[in-house]
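To start, the structure under review is shown below, and the notes come after it.
Numbering (this note's numbering), first residue to last: 48 to 215.
Written out as structure tokens, the structure reads:
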């Protein structure tokens with residue numbers, strides 16, 4: 048079965064007593080343009096998305112007919128869970144992680160990152176409230192802005208720090 052685009056999300060989709068089958072994806076596969084997978088029921092699915100910025104997320108419907116739907120389910124993975132206590136700490140920890148070009152996710156007041164032992168040790172030694180667990184990484188932070196200052200302009204990090212620090 049060839050899939051060229053997603054057609055909606057289960058949260059806004061009328062099921063009409065149709066059976067929902069799931070294709071399981073790892074978090075890092077959600078932005079791939081070409082994927083070969085099997086659904087839980089064993090249906091071969093080939094995804095070839097034409098749109099370069101395709102981003103699949105939990106519950107995205109990629110196929111429908113009169114009797115069936117195929118939707119995306121993101122697998123849980125080993126995760127670093129960071130619970131910032133202040134907005135300043137939020138900015139600092141996101142900067143530290145982002146500076147390593149590691150994808151950052153935000154869900155239910157937690158910063159989530161796929162588990163990496165060196166990062167875990169770094170964040171612990173810096174005093175952040177960090178733990179490990181299993182989570183579905185489904186809500187990536189948009190980090191496409193330039194974080195470095197150019198032409199004498201302050202960096203994004205400098206602007207965030209200025210906003211989150213109380214005036215002295």
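Beta carbons are placed, not taken as given, at the ideal position from N, Cα and C, and that holds for glycine.
Item to check | residue 156 Cβ short of 7 Å to the ligand MG heavy atom set | outcome: The model on display carries no ligand, and the ligand MG is accordingly not part of it.
Item to check | Pairwise C-alpha distance: residue 80 and residue 166 | outcome: Position 119 of the chain shown, counted from the first residue, corresponds to residue 166. Position 33 of the chain shown, counted from the first residue, corresponds to residue 80. Each residue's alpha carbon lies about 29 Å from the other.
Checklist entry - Looking at residue 69 and residue 118, is the spacing between their C-beta atoms short of 8 Å? => result The count along the chain shown starts at 1 and reaches residue 118 at position 71. The count along the chain shown starts at 1 and reaches residue 69 at position 22. Against a cut-off of 8 Å, the Cβ pair of residue 69 and residue 118 comes out as a contact.
Item to check | Residue interval of the beta strand (DSSP E) (run including residue 159) | outcome: What you label residue 159 is simply residue 112 of the chain shown in a count that begins at 1. In this chain, the beta strand (DSSP E) harbouring residue 159 covers 157-161.
Item to check | Three-state secondary structure assigned by DSSP to residue 145 | outcome: Taking the chain shown and counting its residues from 1, the one referred to as residue 145 is at position 98. If DSSP states are grouped into helix, strand and coil, residue 145 belongs with the helices.
Item to check | Separation of residue 86 from residue 49, as counted between CA atoms | outcome: In the chain shown, the residue the question calls residue 49 occupies position 2. In the chain shown, the residue the question calls residue 86 occupies position 39. Computed Cα separation, rounded: 13 Å.
Checklist entry - Count the other CB atoms within 10 Å of the CB of residue 110; is the residue buried (16 or more) or exposed (fewer)? => result For the purposes of this step, residue 110 is taken as the residue at position 63 of the chain shown. Buried, by the Cβ-count rule.
Item to check | Residue burial classification, residue 216 (beta-carbon count within 10 angstroms, cutoff 16) | outcome: Missing from the structure shown is residue 216; the chain here goes from 48 to 215 and no further.
Next on the checklist: The beta strand (DSSP E) that contains residue 172, what's its start and end?
Outcome noted: Counting from one through the chain shown, the residue named residue 172 turns up at place 125. Counting along the chain, residue 172 falls outside any beta strand (DSSP E), though it belongs to the alpha helix (DSSP H) covering 164-172.
Checklist entry - Can you give the Cα-Cα distance for residue 98 and residue 106, rounded to whole angstroms? => result By one-based count along the chain shown, residue 98 stands at place 51. By one-based count along the chain shown, residue 106 stands at place 59. Cα-Cα distance, rounded: 19 Å.
Item to check | C-beta atoms of residue 126 and residue 184 nearer than 8 Å | outcome: Residue 126 sits at position 79 when you count from the first residue of the chain shown. Residue 184 sits at position 137 when you count from the first residue of the chain shown. Closer than 8 Å, so yes.
Checklist entry - Is residue 140 helix, strand or coil by DSSP? => result Residue numbering aside, residue 140 sits at position 93 when the chain shown is read from its first letter. Residue state, collapsed to three classes: helix.
Checklist entry - Is DSSP giving residue 175 helix, strand or coil here? => result Translated into the one-based positions of the chain shown, residue 175 becomes position 128. Looking at residue 175 - three-state DSSP - the assignment turns out to be coil, as it is neither helix nor strand.
Next on the checklist: Please identify the residue among 66, 90, 60, 121 whose C-alpha is closest to the C-alpha of residue 76.
Outcome noted: As a first step, residue 76 is located in the chain shown; it is residue number 29 there, counting from the start. Selected option, being the one with the closest Cα: 121.
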